[in-house]
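In the working numbering, the protein residues as written are 52 to 373.
Read through the structure below, which is laid out as structure tokens, and then see the notes.
Next comes the structure, spelled out in structure tokens:
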């Protein structure tokens, strides 16, 4: 656990006029939002996501160890980064599963801003892995925890259209690398992603927050020409973005982007809020129980004569009488 990070020391002059001109009536919140931005001088666009209370609520539904909370925090931010860019109404379900300590981690984001997430892992195996790494927190990333496995992104349109699923291997210690490989292989879009999660102590106790940023090249055409050089230029600036800046929520979105891209011009779209949303309900649970045979339902009964089902996302328990 760490204290609240100090503010970054990069030089800063004034907020870009592009930002305030484009969104003069927007009050920049400190957390729980996604926002698209474009680089004025180059064919590059991107997205910034910050999660505070929303992520804290998701993680506190379970007693996650810090290594697991960090992984799930990354997954939630990444799901919003990609899901908020969808061109249809619906959901993006991000999942990574492997043969390691973590069996799977999943984050589910809908285009109305709802987010939920869950991680299944073996506590004893995790304790052994942490001990083998001398208690190190930073060294246990995605590949160390998940082992060999797959990274999956599923697009689920709200209008019951055809689902699309992309799958790539788990590579590297950040889920950002998995997503970059997905875009390179499946979408053929040059993409760079940064993710960060941290636990900090506030006056009322420990809390979690996470953030992420993504830049993508806009495809070249007869007007733009080859966009690869432009992307490399913006990518070099993007690489200077540190984790402490991403998770410093006192550094607002417009100021953060101005620090990175003020020489090339940057415009920030209106911020879209993100909130915790679980899809469990009494009606859904009753429908699930009814899908089992009478014999199976009888085996599920508890001592009080009811079936008890706990949502693995939010930990709420439902009771179904037969």
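Beta carbons are placed, not taken as given, at the ideal position from N, Cα and C, and that holds for glycine.
Contact set for residue 110: own chain, Cβ-Cβ below 6 Å, skip 5 residues either direction: Counted from its first residue, the chain shown places residue 110 at position 59. Here the set comprises 120, 259.
Indicate whether residue 269 and residue 285 have their beta-carbon atoms separated by less than 8 Å. As a first step, residue 269 is located in the chain shown; it is residue number 218 there, counting from the start. As a first step, residue 285 is located in the chain shown; it is residue number 234 there, counting from the start. Against a cut-off of 8 Å, the Cβ pair of residue 285 and residue 269 comes out as no contact.
Same chain, Cβ closer than 7 Å to residue 72, neighbours up to 5 away in sequence not counted: Sequence index remark: in the chain shown, residue 72 carries index 21 (1-based). Here residue 72 scores only 42 on pLDDT, less than 50, and its place in the model should not be relied on; the value that follows carries that caveat. Here the set comprises nothing.
Please identify the residue among 333, 159, 154 whose C-alpha is closest to the C-alpha of residue 176. The sequence position of residue 176 within the chain shown is 125, counting from 1. Checking every option, the nearest Cα to that of residue 176 belongs to 154.
Could you please give the first and the last residue of the uninterrupted beta strand (DSSP E) stretch that includes residue 298? Locating residue 298 in the chain shown gives position 247, counting from the first residue. Here residue 298 belongs to no beta strand (DSSP E), and DSSP marks it neither H nor E.
Going by DSSP, which residues form a beta bridge with residue 94? Your numbering for residue 94 matches position 43 in the chain shown. BP columns for residue 94 are empty, so no partner.
Could you tell me if residue 93 is buried or exposed, where buried requires 16 or more neighbouring beta carbons within 10 angstroms of its beta carbon? As a position in the chain shown, residue 93 is number 42, starting the count at 1. Label assigned to residue 93: buried.
Check for me: the alpha helix (DSSP H) holding residue 128 runs from which residue to which? As a position in the chain shown, residue 128 is number 77, starting the count at 1. Counting along the chain, the alpha helix (DSSP H) containing residue 128 begins and ends at 117 to 134.
Measure from the C-beta of residue 139 to each C-beta in chain C and report whether the shortest distance is under 8 Å. No chain C appears in the structure shown, which is made up of a single protein chain.
So, with DSSP's three-state summary, where would you put residue 42? Because the chain spans 52 through 373 in this model, residue 42 falls outside it and cannot be assessed.
Along the chain, which unbroken stretches of the alpha helix (DSSP H) at least 4 residues long are found entirely within the segment 220 to 245? 226 to 233
Using the rule of at least 16 other Cβ atoms within 10 Å of the residue's Cβ for burial, across every protein chain shown, is residue 100 buried or exposed? Indexing the chain shown from 1 puts residue 100 at position 49. Buried: at least 16 other Cβ atoms inside 10 Å.
Mind pulling the beta strand (DSSP E) runs of 3 or more residues that sit fully within the segment 297 to 336? 317 to 319
Contact set for residue 249: own chain, Cβ-Cβ below 6 Å, skip 5 residues either direction: Here residue 249 refers to the residue found at position 198 of the chain shown. Correct list, in chain order: 298.
For residue 279, which of helix, strand or coil comes out of DSSP? As a first step, residue 279 is located in the chain shown; it is residue number 228 there, counting from the start. Looking at residue 279 - three-state DSSP - the assignment turns out to be helix.
Leaving aside the five residues before and after residue 365 along the sequence, list all residues of the same chain whose C-beta is less than 6 Å from its C-beta, in chain order. Within the chain shown, numbered from 1, the residue matching residue 365 stands at position 314. Taken in chain order, the residues that qualify are 112, 329.
N- and C-terminal bounds of the alpha helix (DSSP H) containing residue 199: Taking the first residue of the chain shown as 1, we reach residue 199 at position 148. Looking at the DSSP string, residue 199 is not in any alpha helix (DSSP H), and its letter there is neither H nor E.
Have a look at residue 163 and residue 324 and give me their C-alpha separation to the nearest angstrom. Taking the chain shown and counting its residues from 1, one reaches residue 163 at position 112. Taking the chain shown and counting its residues from 1, one reaches residue 324 at position 273. Each residue's Cα considered, the two are about 9 Å apart.
Reference residue 91; option with closest CA among 346, 339, 349, 315: Within the chain shown, numbered from 1, the residue matching residue 91 stands at position 40. When only C-alpha atoms are compared, the closest one is 315.
Mapping the DSSP letters down to three states, classify residue 340 as helix, strand or coil. Here residue 340 refers to the residue found at position 289 when the chain shown is read from its first residue. Helix.
Apart from the five residues just before and just after residue 343, which ones in its own chain have a Cβ nearer than 8 Å to its Cβ? Sequence index remark: in the chain shown, residue 343 carries index 292 (1-based). So the list reads 351, once near-sequence residues are dropped.
Exposed or buried, what is residue 139 when buried is set at 16 or more other beta-carbons lying within 10 Å of its beta-carbon? The count along the chain shown starts at 1 and reaches residue 139 at position 88. Exposed, since its Cβ has fewer than 16 Cβ neighbours within 10 Å.
How about the segment 189 to 208 and the segment 224 to 238: do they share at least three Cβ pairs that are nearer than 8 Å? yes
Could you round the C-beta distance between residue 134 and residue 106 to whole angstroms and report it? I think they count as a contact, below 8 Å. For the purposes of this step, residue 134 is identified with residue 83 of the chain shown, where counting begins at 1. For the purposes of this step, residue 106 is identified with residue 55 of the chain shown, where counting begins at 1. Wrong, their Cβ atoms sit about 15 Å apart, outside the cutoff.
Consult DSSP for residue 250 and reduce its assignment to one of helix, strand or coil. Working through the chain shown from its first residue, we reach residue 250 at position 199. Three-state DSSP puts residue 250 in a strand.
Find out if the Cβ-Cβ distance for the pair residue 245, residue 261 is shorter than 8 Å. Sequence index remark: in the chain shown, residue 245 carries index 194 (1-based). Sequence index remark: in the chain shown, residue 261 carries index 210 (1-based). In this structure, residue 261 does not lie closer than 8 Å to residue 245 by Cβ.
Could you name the residues of the same chain whose beta carbon sits closer than 6 Å to that of residue 247, not counting the 5 residues immediately before and after it, in chain order? The residue you call residue 247 lines up with position 196 of the chain shown. Excluding sequence neighbours, residue 247 sits near 262, 294, 297, 298.
Helix, strand or coil, according to DSSP, for residue 163 in the structure here? Here residue 163 refers to the residue found at position 112 when the chain shown is read from its first residue. Correct three-state label for residue 163: coil.
When the Cα atoms are used, what is the spatial distance from residue 82 to residue 335? Numbered from its first residue, the chain shown carries residue 82 at position 31. Numbered from its first residue, the chain shown carries residue 335 at position 284. Between residue 82 and residue 335, the C-alpha separation is close to 31 Å.
How many angstroms separate the CA atom of residue 337 from the CA atom of residue 167? As a position in the chain shown, residue 337 is number 286, starting the count at 1. As a position in the chain shown, residue 167 is number 116, starting the count at 1. Computed Cα separation, rounded: 21 Å.
8 Å CB neighbourhood of residue 363 in its chain, flanking five on each side removed: Translated into positions along the chain shown, residue 363 becomes position 312. Closer than 8 Å at the Cβ level, and outside the excluded window around residue 363, lie 169, 171.
Host alpha helix (DSSP H) of residue 49 (start-end): With the chain running from 52 to 373 in the structure shown, residue 49 is simply not present.
Compute the Euclidean distance between the alpha carbons of residue 200 and residue 240, then round it to the nearest angstrom. As a position in the chain shown, residue 200 is number 149, starting the count at 1. As a position in the chain shown, residue 240 is number 189, starting the count at 1. So the alpha carbons of these two residues sit roughly 23 Å apart.
Three-state class that DSSP yields for residue 86 in the structure shown: In the chain shown, the residue the question calls residue 86 occupies position 35. Here residue 86 sits in strand by DSSP.
Grab the span of the alpha helix (DSSP H) containing residue 178 for me, first residue to last. As a position in the chain shown, residue 178 is number 127, starting the count at 1. Looking at the DSSP string, the run of the alpha helix (DSSP H) that includes residue 178 is 174 to 183.
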